[in-house]
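The next block holds one structure in the form of structure tokens; read it before the comments.
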Amino acid sequence: MNSLLCSALFFLFNAAQAAQQALPEDGGGPLAGLKQAGTVNFVVLAGLLFVVGMAGVLTRRNIIVIFMSIELMLNATNLNFIAFARYWQLQGSLTAANGQMFTLFVIVVAAAEAAIGLALILAHYRNRKTVEVDEIDLLKW
Amino acid sequence: MLICTALSLLPKETSGEYGPIAGYVPVVLLLLIAIAFPVAALAAGRLVRRKVETPEKQIPYECGVDPISDSKDRFSVRYYMIAMLFLVFDVETIFLFPWAVIYDKLGVFGLVEILIFLGILVVGYYYAWRKGALNWV
Amino acid sequence: MPLLNILGYPTIYETFAILPELLLVLFGCAALVLDVLLPRERKELTAYFCLAGIGTALLALWQVFETNRIRLPFTVFYGMIAVDGFSLTLRLVALVAAALAIAMAVKYLDVEEEQHGEYYALILFATSGMMFLSSGVDFITLYVGLELMALSVYVLVGYLKWNVQFHEKRGEKSSEAALKYFLMGAFSSAILLFGFSIIFGLTGTTNVEQVAGLLPGLFKANMLTTTGDARLMAIMGIALVAAGLFFKIAAVPFHMWAPDAYEGAPTSVTAFMSVGPKAASYAMLARIFLVAFAPLRVTGDPQIPGWAVMFGVVAALTMTVGNVAAVTQQNAKRLMAYSSISHAGFILLGFVAGNEMGYAGAVFYLMAYTVMNLGAFGVLLSLRSEERVGDKLDDLNGLYQKQPALALMMLVCLLSLAGIPGTGGFMGKFYLFGGLIQAGNKWMNILAVVAALNVVISLYYYARFIKAMFTGKEKEEAPVTLSPPLHATIVLTVILVLVMGLYPQPFSQLSRFAVERLGPPTPPQAAQK
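Chains as they are written, first to last, in our numbering: chain A, 64 to 204; chain B, 862 to 998; chain C, 896 to 1424.
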């Protein structure tokens, strides 16, 4: 699993490098300016983090680990927002700072979500003495 | 102070001429000083002091309550409640940063806004406090 | 309009536009403090305090409408909050749902011995989140509103604690339901958010109307870049946003959390979350898909079907899966959960139809669904007593002998849910079907037939309730007692259901007022495929 992830990381890193080199020098098309800010690298990394988080949510059994994976997905989103905000700032967009503001809100909401999630996990642990999702099986069909 | 000393040892243009690696010279110097200082202090103490062996000197806390049981026992950490509250209250301060950057431009309006925000936090704090969430159970 | 003018402050006038939300938050905070100060046996006073808060918010909402009547629609707070027919109507629905849910819960929580002020404060916070979902026209506002609503409801679902003298597994089920709902909700929020970030990256703005203006440009020219087609990225963003929102409204294939969460939650919370948050999620879906992504509803390009096709498939699946799964359920709350999934599919039909009648039908259906579902859950709540859990279908046995009036009111609500003429549910379905037929295309007609078949399936399982009430033999003689607030709520919902069915003009006018600015003018190439 780990080696798979490492090779995926390596592949995506190379892809990002190649993409950055292949981008046209002068502006053309809506995404051409991406090179200017090095945005591609960030977006690829964000996409990778998001996929890793999603894989974690779908494959892991421990609730705490699933929860951490969700946080990873949120942070991938933050990275995306920040990278795009910088890109649009360089493009001279007036609304570019919205991305940065969004990140602040995501961070705060994620903290509130973490507090509530941990409290719910704790409540469930007190009732059932387990944090494995396989054993959360009272309610079905 | 040590950092200042380390930095003052360096010629000003170092980083320009030798590339980015030279920027780490103060860090390496600081590391060396940081290692040397406790070694020197402990060695000096060992050389100077008298040696009197008593059983009390062997326990972890010489003046205090006598320890019970083994120090490797597991014990319940009643910290999670405070940790969860900390998580929320700590991160909420993130909203103070943008305000602090431009508070002089926002003026009274910004002040009122941030006071309302803090007021809501205080209500939450009061609630948690009166509910006993801060008590050591 | 420059959105980053930091020197132009929102005026008092602008703040006035969100006065209802502010009042709810204020009353919610006060309710938390009040709960701390009140002695243990007087906690139910918080409920009445919060009801007063909702009443005040309703008055404020009326004032917002009354003073701005001529200026509608407009936006405040740098284009982040819209004051238009849609937001006013959906805010009204949210407030009514919250008021009814609080009135229904008072006695129930006494029986469960869980009478705390936090319950009502959380409902107020969730309601203010729902109202921001209705009025937000910026991804940031929508996201924060969504989380405010969702976080409050997660806690409400896990509200019951383990208590040895109560029915088996009460606390375990509640915390398990909350945990499942939380994990699924947080997961879907993350997906939704990633979709938002991609849309932001492509357009450089988070405002739904500006996004609507910029998105078609990506589809016009075939602008290939080495990062992939910009169109591909846009489609990915839209798909992620759609997946996140389908989770929230419990549409197939993202519906699996709903039955578990509905069954484990306290019944009063199930009643609330099956209407309030659902309506608010639909408001968000409408704002995003009918405004921001409206140009892509139907694309001219035959290779890229618009999102209307996806919505059509999801709607058909949602109705069918929800109805078929509901048929065999024995637990009344679980059955209602599947029934609510199928209703979610029906409301999606309005989005597929893509004309004013369909949109207005969706809003009308939301209103009718809110009252009829709350009415049905009110009757289920009345079954809960010290001796009886009241969440099994068998618990309804012999209700007609014990409480004939109550059984008849339940009958009205069930017939309305099934869509029998003379009830609000029928009028809602009528408008939705009408919108589909009006759109007049082969696929939409097929979809209407599928929906009609689903009405037949749903009749079967609603009839199971009716059979139990009128012909079922009761085993034990536990009386059904109604508390005055619960009684008043059920009567009110039944009256509303009947009025919507027999005299629907005011409500259909309201729903048309809600959607008059929503969605694009029908594109010339409306006939897709």
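We treat Cβ as the ideally placed atom computed from N, Cα and C, and that holds for glycine.
Check                                                                                                                                                                                                    : Outcome
Which residues in the same chain as residue 1406 of chain C place their Cβ atom closer than 6 angstroms to its Cβ, once the five residues preceding and following it in sequence are excluded?           : 1255, 1258, 1259
In chain A, which residues lie less than 8 angstroms from residue 955 of chain B when you measure between Cβ atoms?                                                                                      : 167, 170, 171
With contact counted as at least three CB pairs below 8 angstroms, one residue from each stretch, are the segment 923–942 of chain C and the segment 1004–1018 of chain C in contact?                    : yes
Please classify residue 1112 of chain C: does DSSP put it in a helix, a strand, or coil?                                                                                                                 : helix
Say whether chain A places a C-beta atom closer than 8 angstroms to the C-beta of residue 1181 of chain C.                                                                                               : no
Report buried or exposed for residue 1241 of chain C, applying the criterion of at least 16 other Cβ atoms within 10 angstroms of its Cβ.                                                                : buried
Per DSSP, which one or two residues make a beta bridge with residue 969 of chain C?                                                                                                                      : C:978
Within 10 Å of its beta-carbon, does residue 906 of chain B have 16 or more other beta-carbons around it, so buried, or fewer, so exposed?                                                               : exposed
Can you determine whether any heavy atom of the ligand FMN sits closer than 7 angstroms to the C-beta of residue 1174 of chain C, and answer yes or no?                                                  : Annotation note on the ligand FMN: not contained in the displayed structure, which lists no ligands.
For residue 64 of chain A, which residues from the same chain have a beta carbon less than 7 angstroms from its beta carbon, with the 5 sequence-adjacent residues on both sides left out?               : Any answer about residue 64 of chain A is weak, because its pLDDT of 45 lies below 50 and its placement is not dependable; what the coordinates show is given next. Once the five neighbours on either side are set aside, residue 64 of chain A has no close Cβ partner at all.
Using the DSSP secondary-structure output, state which residues sit across from residue 1033 of chain C in a beta bridge.                                                                                : C:1102
Check whether the Cβ atoms of residue 1318 of chain C and residue 1393 of chain C sit closer than 8 angstroms, and answer yes or no.                                                                     : yes
When you check each C-beta in the segment 960–989 of chain B against every C-beta of chain C, which residues fall closer than 7 angstroms?                                                               : 963, 966, 970, 981, 984, 987, 988
Compare the Cα-Cα distances from residue 989 of chain B to each of B:947, B:965, B:952 and report the closest residue.                                                                                   : B:947
Tell me the DSSP bridge mates of residue 125 of chain A?                                                                                                                                                 : A:195
If the cut-off is 8 angstroms on Cβ atoms, which residues from the segment 182–196 of chain A count as contacting chain B, listed in chain order?                                                        : 182, 185
How about residue 1308 of chain C and residue 1375 of chain C: do their beta carbons lie closer than 8 angstroms?                                                                                        : no
So which residues of chain A does residue 893 of chain B contact, with C-beta pairs closer than 8 angstroms?                                                                                             : In chain order: nothing, as chain A lies at least about 35 angstroms away.
Return yes when the Cβ of residue 163 of chain A is within less than 8 angstroms of the Cβ of residue 139 of chain A, no when it is not.                                                                 : no
Since residue 161 of chain A sits in a beta bridge, which residues does DSSP pair it with?                                                                                                               : Paired residue(s): none; residue 161 of chain A is not in a bridge.
Roughly how many angstroms lie between the CA atoms of residue 987 of chain B and residue 1352 of chain C, to the nearest whole one?                                                                     : 52 angstroms
Is it the case that the segment 1216–1229 of chain C contacts the segment 1297–1311 of chain C, given that we only count it when at least three CB pairs across the two stretches are under 8 angstroms? : no
Exposed or buried, residue 887 of chain B, counting other C-beta atoms within 10 Å across all chains shown (16 or more means buried)?                                                                    : buried
Roughly how many angstroms lie between the CA atoms of residue 992 of chain C and residue 984 of chain C, to the nearest whole one?                                                                      : 12 angstroms
Starting from the Cα of residue 1281 of chain C, find the closest Cα among C:1102, C:1373, C:1109, C:1313 and give me that residue.                                                                      : C:1373
Taking C-alpha atoms, which residue in C:1343, C:1128, C:1324 lies nearest to residue 110 of chain A?                                                                                                    : C:1128
Establish whether the CB of residue 1297 of chain C and some CB of chain A are separated by less than 8 angstroms.                                                                                       : no
List the whole-angstrom C-beta distance separating residue 144 of chain A from residue 1092 of chain C, where the pair is believed to meet the contact cut-off of C-beta under 8 angstroms.              : 5 angstroms
What separation, rounded to the nearest whole angstrom, lies between the Cα atoms of residue 997 of chain C and residue 922 of chain B?                                                                  : 57 angstroms
Considering only the alpha carbon of each residue, which of A:195, A:114, A:182 lies closest to residue 949 of chain B?                                                                                  : A:182
Using the Cβ count rule (16 or more neighbours within 10 Å means buried), how would you classify residue 1357 of chain C?                                                                                : buried
Among all the DSSP beta bridges, which residues are the ones paired with residue 1287 of chain C?                                                                                                        : C:1226
Looking at the unbroken alpha helix (DSSP H) that takes in residue 1311 of chain C, where does it start and where does it end?                                                                           : 1299–1313
Got a sec: is the Cβ-Cβ distance from residue 940 of chain B to anything in chain A below 8 angstroms?                                                                                                   : no
Taking C-beta pairs closer than 7 angstroms, name the residues in chain B that residue 924 of chain C reaches, listed in chain order.                                                                    : 981, 984
Check whether chain B comes within 8 angstroms of residue 931 of chain C, counting only Cβ atoms and requiring the distance to be less than that.                                                        : yes
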